[in-house]
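First up is the structure itself, then whatever we jot down about it.
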Amino acid sequence: MDSEALKKYSSLHPKPAGLTLQYGTAGFRTKAEQLDHVMFRMGLLAVLRSRAVASTIGIMVTASHNPEEDNGVKLVDPLGEMLHASWEEYATQLANAEDHELQQTITAICQKAAVNQHKDASVFIGRDTRPSSKKLSQSVIDGIFVLGGQYHDYGLVTTPQLHYMVCCQNTQGQYGKATLEGYYEKLSKAFTELIKQSSSSGESQKHLKIDCANGIGALKLSEMEPYLPKEVLIQLYNDGTKEKLNHLCGADFVKVHQKPPRGLDMKPNERCCSFDGDADRIIYYYQDATGLFHLIDGDKIATLISIFLKELLAKGGQTLKMAVVQTAYANGSSTRYLEETLKVPVHCVKTGVKHLHHKAQEFDIGVYFEANGHGTVLFSKAAETKIRQLAKEEKDNEKREAAKVLENMIDLINQTVGDAVSDMLVIEAILALKGLTVQQWDAIYTDLPNRLLKIQVADRRVIDTTDAERQAVTPPGLQEKIDALVKKYKLSRAFVRPSGTEDVVRIYAEADTQENADALAHEVSLAVYHLAGGKGAPPQPI
Numbered sequence: 000m001d002s003e004a005l006k007k008y009s010s011l012h013p014k015p016a017g018l019t020l021q022y023g024t025a026g027f028r029t030k031a032e033q034l035d036h037v038m039f040r041m042g043l044l045a046v047l048r049s050r051a052v053a054s055t056i057g058i059m060v061t062a063s064h065n066p067e068e069d070n071g072v073k074l075v076d077p078l079g080e081m082l083h084a085s086w087e088e089y090a091t092q093l094a095n096a097e098d099h100e101l102q103q104t105i106t107a108i109c110q111k112a113a114v115n116q117h118k119d120a121s122v123f124i125g126r127d128t129r130p131s132s133k134k135l136s137q138s139v140i141d142g143i144f145v146l147g148g149q150y151h152d153y154g155l156v157t158t159p160q161l162h163y164m165v166c167c168q169n170t171q172g173q174y175g176k177a178t179l180e181g182y183y184e185k186l187s188k189a190f191t192e193l194i195k196q197s198s199s200s201g202e203s204q205k206h207l208k209i210d211c212a213n214g215i216g217a218l219k220l221s222e223m224e225p226y227l228p229k230e231v232l233i234q235l236y237n238d239g240t241k242e243k244l245n246h247l248c249g250a251d252f253v254k255v256h257q258k259p260p261r262g263l264d265m266k267p268n269e270r271c272c273s274f275d276g277d278a279d280r281i282i283y284y285y286q287d288a289t290g291l292f293h294l295i296d297g298d299k300i301a302t303l304i305s306i307f308l309k310e311l312l313a314k315g316g317q318t319l320k321m322a323v324v325q326t327a328y329a330n331g332s333s334t335r336y337l338e339e340t341l342k343v344p345v346h347c348v349k350t351g352v353k354h355l356h357h358k359a360q361e362f363d364i365g366v367y368f369e370a371n372g373h374g375t376v377l378f379s380k381a382a383e384t385k386i387r388q389l390a391k392e393e394k395d396n397e398k399r400e401a402a403k404v405l406e407n408m409i410d411l412i413n414q415t416v417g418d419a420v421s422d423m424l425v426i427e428a429i430l431a432l433k434g435l436t437v438q439q440w441d442a443i444y445t446d447l448p449n450r451l452l453k454i455q456v457a458d459r460r461v462i463d464t465t466d467a468e469r470q471a472v473t474p475p476g477l478q479e480k481i482d483a484l485v486k487k488y489k490l491s492r493a494f495v496r497p498s499g500t501e502d503v504v505r506i507y508a509e510a511d512t513q514e515n516a517d518a519l520a521h522e523v524s525l526a527v528y529h530l531a532g533g534k535g536a537p538p539q540p541i
């Protein structure tokens, strides 16, 4: 390690006095102007991680669904997964080290993680469309350069595309070609094969309006359009040419406010969807003939995919073990439908994609989606081998055809991470193959009315939870209070959990009516305010 070069470059990216940041589920995320030193240091860390695992590592500069002024960075591990938990700690240490401690922090990480400083290192970089992203990705490059790493800068890409490239690179092309063209070709080929089977059920079925959150999704969908079959009629809105990223639009806005985004004109019963700012989440919705807005969130997406896969497994006579992984935010109706009607096992884990992904890896086929629309499907190596073999060799026509459809689903799904583009094509293919309208999909089950709130607190660490975040352990008396409030309402439940990124506590409540869900959420928020150190004025009724 060239300590003079490290000093020189570090002085170009100084750490602001008194700033401490924590690497969470979404990496680092804060105001863009506070991130220059973090980006430089994550360039350093990516080189160390690459040497430790002798593989290419990814760095994505994005703050996803946050406002345009924010930015962030996440590291991508060799198979396209999130950075290993043990290295999140190193990321936090490195980001918070004072400038004069940088070299000894790097040395300590190398010792703890047995990093050979003489090995080659390779890093892939991507960024979203934020005004600050280009300059910040240059800071990442400075960090890689100082420690002698090699890099490939993909420039503007969706977060899932970068995850995909990293996985392709480290599987020596088995997962696909590590280029944007390779990504578009793989997905569009699988999608085209799938919809060949569908009976063309009128133009309206193939028509989809997409709110791109004024983000990267619009650019990449425009690039992908020529690869898609002519029958696919997509119209892009909020494409980033006029408005600000994520402002009154995008998947997060639609999910939280339960209303359509600005800039998209909805006609009755038209199928619409929203991506988030870095295109790793997707939410569907429509307006019925009476003008009522209907949201189709991650739970309903997981249910649609599960129904389809279960039918295919039955047709193919396959005994592969399938399960759905959810978080505490999943609507109670979805859990009930999956377990009782579809007879698919459901597992609940802590919030955060890495927890869902990890659990889903335990099954032949693991479907996971967060209610916010982030999710994918994982196929075990053994399941994939078996499906591909049957698609080739199975003598029985029906079984072979079912295996072929499953094979195309494997190729269409981005198994590295939730991917709005891939998930959208999966959903569109299933709706076409099953001849379902968006209303029929919505009617599979009826969501229990629910309400999400957040309360500002002095210190979010006051709240500790257990049982996949469904029970509060501290502060004392809070869980008992929630239990008593829940008893007042029918079909109700409520839980609270600290945010992973800011000093707020998130509150979720559901009940038999919207009025009751709102009342329960408000009462729980008052309990949090009084027992967990709420800031500002007490929460007002909804």
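Numbering that gives the first Met the number 0 numbers the first residue of the sequence shown as 0 and each following residue consecutively.
The beta-carbon is built from N, C-alpha and C at its ideal position, and this holds for glycine as well.
Roughly how many angstroms lie between the CA atoms of residue 395 and residue 289, to the nearest whole one?
Near 48 Å, if we compare the C-alpha coordinates of residue 289 and residue 395.
If you compare alpha carbons, which of 298, 73, 318, 308 is closest to residue 441?
Out of 298, 73, 318, 308, 298 has the C-alpha closest to the C-alpha of residue 441.
Beta carbon of residue 8: closer than 7 Å to some heavy atom of the ligand SAM?
Questions concerning the ligand SAM fall outside what the structure shown contains, since it holds no ligand whatsoever.
Helix, strand or coil for residue 277 per DSSP?
Of the three classes helix, strand and coil, the one that applies to residue 277 here is coil, per DSSP.
State the CB to CB distance for the pair residue 163 and residue 175, rounded to an integer number of angstroms; the pair is presumed to be in contact (CB under 8 Å).
Yes, residue 163 and residue 175 are in contact; Cβ-Cβ is about 7 Å, under 8 Å.
What separation, rounded to the nearest whole angstrom, lies between the Cα atoms of residue 66 and residue 246?
Their backbone Cα atoms lie some 7 Å apart in a straight line.
Taking the runs of the alpha helix (DSSP H) that are 4 residues or longer, which of them lie wholly in the stretch 471-519?
List check, alpha helix (DSSP H) in window: 477-485.
Tell me, please, which residues DSSP counts as bridged to residue 149.
Beta-bridge pairing links residue 149 to 121.
From the DSSP secondary-structure annotation, give me the bridge partner or partners of residue 233.
Paired residue(s): 207.
Taking 8 Å as the threshold (beta carbon to beta carbon), is residue 480 in contact with chain C?
Protein chain content of the structure displayed is limited to a single chain, and chain C is not contained in it.
Closest to residue 154 by C-alpha separation, out of 208, 148, 210, 61, would be which residue?
Comparing Cα positions, the closest option is 61.
Please report the distance separating the alpha-carbon of residue 20 from that of residue 282.
The alpha-carbon atoms of residue 20 and residue 282 are separated by roughly 30 Å.
Is the stretch 299-313 touching the stretch 179-193, taking contact as three or more C-beta pairs under 8 Å?
The stretch 299-313 vs the stretch 179-193: no contact.
Note down the Cα distance separating residue 63 from residue 13, rounded to an integer number of angstroms.
For residue 63 and residue 13, the distance between alpha carbons rounds to 25 Å.
Run the CB neighbour count on residue 358, radius 10 Å, all protein chains shown included, and call it buried at 16 or more, exposed below.
By the neighbour-count rule (16 or more Cβ atoms within 10 Å), residue 358 is buried.
Would residue 30 and residue 68 be called neighbours here (beta carbons separated by less than 8 Å)?
A contact, by the Cβ cut-off of 8 Å.
For a minimum of 3 consecutive residues, which ranges assigned as the beta strand (DSSP E) are wholly contained in the stretch 92-120?
Runs found: none.
Give the secondary structure of residue 456 by DSSP, where H, G and I count as helix, E and B as strand, and everything else as coil.
Reduced to three states, the DSSP call for residue 456 is strand.
Taking only runs of the beta strand (DSSP E) that begin and end inside the stretch 337-401, which ones reach a length of at least 3 residues, in chain order?
Whole beta strand (DSSP E) segments, 3+ residues: 345-348, 364-368, 374-378.
Assuming residue 235 and residue 211 make a contact with CB atoms under 8 Å, what is their CB distance in whole Å?
Rounded, the Cβ-Cβ distance is 6 Å, consistent with contact.
Please state the DSSP three-state secondary structure of residue 9.
Here residue 9 sits in helix by DSSP.
Would you kindly check if the distance between the Cβ of residue 209 and the Cβ of residue 272 is under 8 Å?
Yes. Within cutoff.
For residue 267, which residues of its own chain have a beta-carbon under 6 Å away from its beta-carbon, when the five flanking residues on both sides are left out?
Counting only Cβ-Cβ distances below 6 Å, and skipping sequence neighbours, we find 286, 288.
Which residues in the same chain have their Cβ closer than 7 Å to the Cβ of residue 468, if we skip the five residues on either side of it in sequence?
If we look at residue 468 and ignore the five residues flanking it on each side, its Cβ neighbours are 327, 349, 350, 494, 496.
Quick check: the stretch 448-460 against the stretch 309-322, are at least 3 beta-carbon pairs closer than 8 Å?
Not touching, per the Cβ criterion.
Provide the residue(s) that pair with residue 322 in DSSP beta bridges, ordered along the chain.
Looking at the DSSP assignment, residue 322 forms a beta bridge with 365.
Have a look at the DSSP bridge pairing and note the partners of residue 56.
Answer is 122.
Express the C-alpha separation of residue 422 and residue 561 in angstroms, rounding to a whole number.
This structure leaves residue 561 out entirely; the chain is present only between 0 and 541.
Within the chosen definition, does the stretch 28-47 reach the stretch 126-144 through at least 3 CB pairs nearer than 8 Å?
Yes, the stretch 28-47 touches the stretch 126-144.
Do residue 215 and residue 278 have their C-beta atoms closer together than 8 Å?
Result yes, Cβ atoms of residue 215 and residue 278 sit closer than 8 Å.
Go to residue 28, then tell me how far its alpha helix (DSSP H) extends in each direction, as first and last residue.
Careful: residue 28 lies outside any alpha helix (DSSP H), inside the beta strand (DSSP E) at 27-30.
Assuming residue 386 and residue 369 form a contact by the criterion Cβ under 8 Å, report the distance between their Cβ atoms to the nearest whole angstrom.
Actually they are not in contact, since the Cβ atoms of residue 386 and residue 369 sit about 26 Å apart, beyond 8 Å.
Mapping DSSP to helix, strand and coil, what is residue 73?
Of the three classes helix, strand and coil, the one that applies to residue 73 here is strand, per DSSP.
Tell me, please, whether the stretch 250-264 touches the stretch 132-148 by the rule of three or more beta-carbon pairs shorter than 8 Å.
The answer is no - the stretch 132-148 does not touch the stretch 250-264, with fewer than three Cβ pairs under 8 Å.
In terms of residue numbering, what span does the beta strand (DSSP E) encompassing residue 447 cover?
Note, residue 447: premise wrong, no beta strand (DSSP E); not H, not E.
Measuring CB atoms only, is the stretch 48-56 touching the stretch 77-92, in the sense that at least three cross pairs come out at less than 8 Å?
Yes, they touch.
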